[in-house]
Structures are given as structure tokens and as C-alpha cells.
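Asker:
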Amino acid sequence: MDNYNQDNLNIVLKDETLRSESTRPATEEEQRTSTSSARTYDVTETKSKGRPATDASSVKRAVQCCKKPHTIGTWNVRTMNQGKLDVVNGEMSRVNIDILGISELKWTGMGHFIPDDYHIFYCEQENHRRNGVAIIVNKRVANSVLGYNPKNDRIISIRLLGKPINVTVIQVYAPTTVADDEEIEDFYVSLQQLVDATPKKDTIVTMGDWNAKVGSKSVTGITGNFGLEDRNEAGDKLLDFCQNNSMFITNTCFQQPKRRLYTWTSSNGQYKNQIDYILCSQRWSSSIQLAKTRRDADCGSDHELLIAKFQMKLKTKSKTARSARYNLTNISHKYAVEVKNRFDGLDLIDREPEELWSKVRDIIKDKANKNIPNTKTPKKVKWLAADTLKVAEERRNAKGSGDKERFSRLNAEFQWRARRDKEKHINGQCQQIEDNNQKGKTRHLFKTN
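Last residue of the sequence shown? That's 449 in UniProt numbering, and every number before it is there in order.
#1: What did DSSP end up calling His128 once you bin it into helix, strand or coil?
#2: Which residue's Cα is closest to the Cα of Pro373: Lys334, Asp276, Lys292, Lys315?
#3: So, for Leu18: in the same chain, excluding its five sequence neighbours on each side, which residues have a beta-carbon less than 8 Å away from its beta-carbon?
#4: Please classify residue 450: is it buried, with 16 or more other beta-carbons within 10 angstroms of its beta-carbon, or exposed?
#5: Which residues in the same chain as Asn211 place their Cβ atom closer than 7 Å to its Cβ, once the five residues preceding and following it in sequence are excluded?
#6: If you draw a straight line from the alpha carbon of Ile170 to that of Leu161, how long is it in whole angstroms?
#7: With burial defined as no fewer than 16 other Cβ atoms inside 10 Å of the residue's Cβ, what is the status of Arg159: buried or exposed?
#8: Quick check: what's the CA-CA separation for Ser93 versus Lys313?
#9: Return yes when the Cβ of Gln311 is within less than 8 Å of the Cβ of Thr289, no when it is not.
#10: Would you check if the segment 248 to 267 and the segment 220 to 228 touch, i.e. whether three or more CB-CB distances between them fall below 8 Å?
#11: So the candidates are Gly90, Ala336, His70; which of them puts its Cα closest to the Cα of Asp116?
#12: Classify Trp75 as buried or exposed, calling it buried when 16 or more other Cβ atoms lie within 10 Å of its own Cβ.
#13: What are the complete beta strand (DSSP E) segments, minimum 3 residues, inside the segment 211 to 289?
#14: Taking only three categories from DSSP, how would you classify Trp416?
#15: Identify which residue in Thr263, Ile97, Val87, Thr79 has its Cα closest to the Cα of His128.
#16: Per DSSP, which one or two residues make a beta bridge with Lys315?
#17: Using beta-carbon positions only, say whether His119 and Ile99 come within less than 8 Å of one another.
#18: Does Lys439 pass the burial test, meaning 16 or more other C-beta atoms within 10 Å, or should it be called exposed?
#19: Just verifying my parser: in three-state terms, what is the DSSP assignment at Thr17?
#20: For Ala197, which three-state DSSP category applies?
#21: Identify every run of the alpha helix (DSSP H) within the segment 318 to 357, keeping only runs that are complete inside it and at least 4 residues long; order them along the chain.
#22: I'd like the ranges of any beta strand (DSSP E) spanning at least 3 consecutive residues and lying wholly in the segment 112 to 159.
#23: Are the Cβ atoms of Trp156 and Ala142 separated by less than 8 Å?
#24: From Glu124, Val360, Arg325, pick the residue whose C-alpha is nearest to that of Asn341; which is it?
#25: By alpha-carbon positions, which one of Asn273, Asn436, Ala412, Gly428 ends up nearest to Asn81?
#26: Return the chain-ordered list of same chain residues with a C-beta closer than 6 Å to the C-beta of Lys163, the five sequence neighbours on each side being excluded.
#27: By how many angstroms is the C-alpha of Ile114 removed from the C-alpha of Val214?
#28: Quick check: what's the CA-CA separation for Met110 versus Gln125?
#29: Tell me, please, which residues DSSP counts as bridged to Ala291.
#30: Going along the chain, which residues of its own chain have a beta-carbon closer than 7 Å to the beta-carbon of Thr388, five neighbours each way excluded?
#31: Would you list, in sequence order, the uninterrupted beta strand (DSSP E) runs of no fewer than 3 residues that lie entirely inside the segment 387 to 448?
#32: Closest by CA to Ile433, which one among Ile72, Val167, Phe446, Arg395?
#33: State the start and end residues of the unbroken beta strand (DSSP E) segment that holds Ser103.
#34: At what residues does the beta strand (DSSP E) containing Gly208 begin and finish?
#35: What distance in whole Å lies between the Cβ atoms of Thr203 and Trp284, which are believed to be in contact at a cut-off of 8 Å?
#36: Taking Asn76 as part of the beta strand (DSSP E), name the residues at either end of that continuous run.
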């Protein structure tokens with residue numbers, strides 16, 4: 001599962017075709033002069049049930065092939081600093097989230113790694129802790145991941161093996177409304193390039209912190225009746241993107257209490273907005289069962305965890321056989337005897353070198369598999385102490401009760417304890433390395449965890 005395709009990160013198969021190039025104008029000047037980009041949204045205020053209109057044949061196909069519910073979420077964590085990853089993974093497990101998109105990661109570099117039972121794919125700037133996006137999947141989904149595409153520090157995607165069609169999940173972190181127009185335009189151009197490079201038949205889920213308000217008025221096929229406040233200019237750009245790519249915004253399509261709709265709260269608690277969204281292809285609208293925020297989830301961020309429940313059927317990717325890693329410190333005498341006996345019985349006369357080598361190799365591997373145990377990969381040490389995790393739980397309870405003063409105090413205490421635990425863990429690793437060096441255990445110098 002650790003061998004993801006990074007040569008062709010979209011994993012486009014030979015018989016797959018890409019989506020036709022979008023007609024979305026590349027510049028603002030072209031948008032103003034192009035009739036195709038004119039905002040001709042059919043705004044309606046009818047009291048519908050919230051789901052966008054789709055053609056009946058598409059709905060029927062979606063219902064027939066999507067059987068298993070999966071929970072997808074997106075969360076702006078406002079920096080994945082020390083200890084927060086363990087807290088986020090704990091919340092994923094508690095809320096039963098299968099796929100979680102992260103905004104404002106603020107790490108450096110790009111890649112993927114596997115802490116415990118989760119697989120994390122991330123993309124950041126090389127030298128600056130700014131922006132950053134990631135997608136975390138649990139073990140249930142990890143076996144279906146075909147590959148990932150770290151587009152830039154604002155956009156990342158993974159592709160999942162589905163049945164009958166594959167699923168591409170995109171996580172974004174859009175520029176704020178105070179960003180330069182060029183930066184905002186570059187973001188949407190990059191996002192459109194990624195969508196255009198996605199195989200035509202894929203279902204696309206695009207989610208994240210869009211820093212946009214789409215408003216409370218319904219837009220046929222794009223938004224439902226349950227958005228918040230008034231639409232702003234950034235919301236217009238988001239609706240343009242949805243219209244050009246036949247997507248709708250899921251968390252405006254389900255009637256919920258207002259507290260389940262807003263996704264961001266100002267530090268003083270006076271302002272609340274809906275700026276995080278989960279988008280999905282319109283033809284798969286019937287596969288969505290629910291979309292709302294989970295206010296009971298907490299990681300010390302001013303954004304709420306936004307989730308959506310999808311009916312999708314994923315397939316397990318065929319695994320390539322891994323090379324055995326034998327425990328060479330535990331080679332039994334029986335292994336040596338059996339190998340010697342097989343070697344003694346080898347016919348060395350009139351044998352081609354290649355044939356002889358194959359025989360020798362097969363004997364060694366066969367007897368090793370029977371007599372030498374494999375090396376067990378040690379689990380990484382969880383350096384966050386139990387009392388620190390307890391503080392995180394108390395902080396979550398304080399958030400749920402609305403006790404802002406206690407929440408702020410516990411948040412500061414958690415950060416202090418996390419720094420303390422991290423320093424203690426690193427000091428322990430250094431001491432272990434020094435002890436191994438002094439005892440001449442050079443083999444163990446690089447095996448700290």
C-alpha cells in the first residue's frame with residue numbers, strides 16, 4: 001500500500017478518456033466579454049427539499065451502483081502543529097470519517113506516510129510553512145487508493161478504485177478575499193487543469209475551505225435553499241466553477257439548524273459564516289445522504305468539521321507481493337541443515353548458469369519461508385501523553401458547552417503540554433541513540449521510533 005504511482009499520479013488507464021477542456025475563460029477580461037461565462041443562474045426561492053435537479057437516468061444509475069455509505073469530511077485545522085495530528089486522527093475515528101481533507105496544514109514539502117491505521121497524502125511549499133493541504137484516509141479506504149496528485153500547496157487529489165466507476169477526491173484551500181486577483185485566478189486555473197486531467201467517467205468530489213459565501217438563494221442545479229447570508233464575489237467565482245463542471249454544493253442542500261450550517265466563527269464569536277463546502281458531480285446527487293457540520297468535533301480551530309455521507313462502492317486494489325524481510329538474528333539450525341541437504345542433492349553437471357541460479361534461489365527462499373520468521377515492523381511510539389489527550393477531550397467538551405474562557409485556557413494548556421511531550425520524546429530518542437553508540441550497537445543506531 002506504500003507504493004503509490006507518482007509517475008502518472010492521476011492513474012489514467014489506457015482505455016480512459018479525459019474530460020473535455022473547460023470553456024471557462026482564463027482571464028477576468030475574457031470572462032467579461034465571453035457569453036459562455038455570463039452569470040445566467042436561475043435563482044429561485046422555492047421551498048424544495050434541497051437537492052439539485054438531475055436527469056432521471058443519472059439518478060437511476062447512481063442508486064443502482066452505490067451501496068456502501070462512506071463519510072467524507074473537510075476541516076481547516078489552522079496549522080497541524082505539535083500533537084494536533086493525533087487529535088485529528090482521534091476525531092476521525094470517533095466520528096467515523098473515512099476520508100478527511102485538511103486545509104492550512106502549514107508543513108513543508110510533499111509526500112505521504114502512514115501513522116498507525118491512517119494514510120496521509122500532503123502537499124506544501126518546500127521552504128515556507130504557509131497554506132498546505134492534505135487528505136487522510138482510514139484503513140478501509142486506503143486499500144482502494146490508486147494514486148495521488150500533489151498539484152500545489154492549495155490543491156491535492158487522490159483517486160480511488162470504485163465499482164463501477166472510480167472516484168477522484170480533491171481537497172482545496174482557496175485564497176482569502178483580500179488576496180490579489182492574480183492569486184485567486186491562478187488558483188481556479190490550477191483547479192480547472194486538475195479537473196480537466198481527470199478521466200471523464202470519474203465521480204469528482206471537490207471540498208475544502210473556499211473562503212467564499214454562496215448565499216442563501218437557491219441556484220438551480222448548483223445550490224440548495226440552505227446556504228447562509230448573502231453571496232460575495234468569491235461566491236460568484238465558486239458558482240462559475242460549479243456551473244462549468246456540472247457540480248453542486250452538498251451542504252446547501254439539506255435542511256439543518258443554523259448551527260449545523262456555518263463552518264467558521266470569528267475569535268470573538270460575533271461573526272459566523274459558511275465558507276467551507278463539499279462539491280459533488282451533479283449526476284451523483286442521489287448518492288448523497290447528508291451534509292452538515294459536526295460541532296462536537298474539535299482540534300483547536302475556528303473552523304467546524306464539515307462532513308457528507310456518500311453511497312459509494314469501492315474496490316480493493318490488487319496488492320503487489322512484498323519482498324519478505326527475514327529476522328536474521330533468529331536463524332534456526334534446522335534451516336542450515338535443510339539448505340545443506342538440498343544443495344548436496346543438486347545436479348551440477350550440464351546445468352546452465354541461469355538454471356542453476358534459479359534452483360539455488362528457490363531452495364534458499366523456500367527453506368527461509370518455512371524456518372525463518374519475518375521481521376515485525378514496530379509500531380511508532382505515540383509521544384503524546386495520556387494526560388495531554390485528556391486535556392484535548394476537555395477542550396472539546398468546553399467548546400460544546402460554549403464556555404469560551406475555559407476553551408481558550410485549555411487550548412493554551414494543550415499546546416504547552418504537546419510541546420513538552422514532543423521535547424521529552426526527542427530527548428528519549430537522542431538518549432537511545434547515544435546508548436546504542438556507546439555499546440557499539442551500530443545496527444540499532446537508526447532504528448529509533
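C-beta: ideal position from N, C-alpha, C; glycine also. Remember, it's a predicted structure, so these values are computed and weren't measured experimentally.
Answerer: In short, the structure shows the following:
#1: coil
#2: Lys334
#3: Val12, Asp196, Ala197, Thr198, Pro199, Lys200
#4: Residue 450 lies beyond the stretch modelled for the chain, which goes from 1 to 449, so this question has no answer here.
#5: Ala174, Pro175, Thr176, Thr177, Ala234, Ile275
#6: 15 Å
#7: buried
#8: 20 Å
#9: Note that residue 289 is Gln in the sequence shown, not Thr. Cβ distance < 8 Å, so Gln289 and Gln311 count as in contact.
#10: yes
#11: Gly90
#12: buried
#13: 247 to 249, 276 to 281
#14: helix
#15: Thr79
#16: Answer is none; Lys315 lacks a bridge partner.
#17: no
#18: exposed
#19: coil
#20: coil
#21: 333 to 344
#22: 118 to 123, 133 to 138, 145 to 152
#23: Before going on, a small fix: residue 156 reads as Ile here, not Trp. In this structure, Ala142 does not lie closer than 8 Å to Ile156 by Cβ.
#24: Val360
#25: Ala412
#26: Lys313, Lys315
#27: 36 Å
#28: 8 Å
#29: Ala308
#30: Gly83, Phe414, Arg417, Ala418, Asp421
#31: none
#32: Phe446
#33: 99 to 103
#34: 203 to 209
#35: 5 Å
#36: 69 to 76
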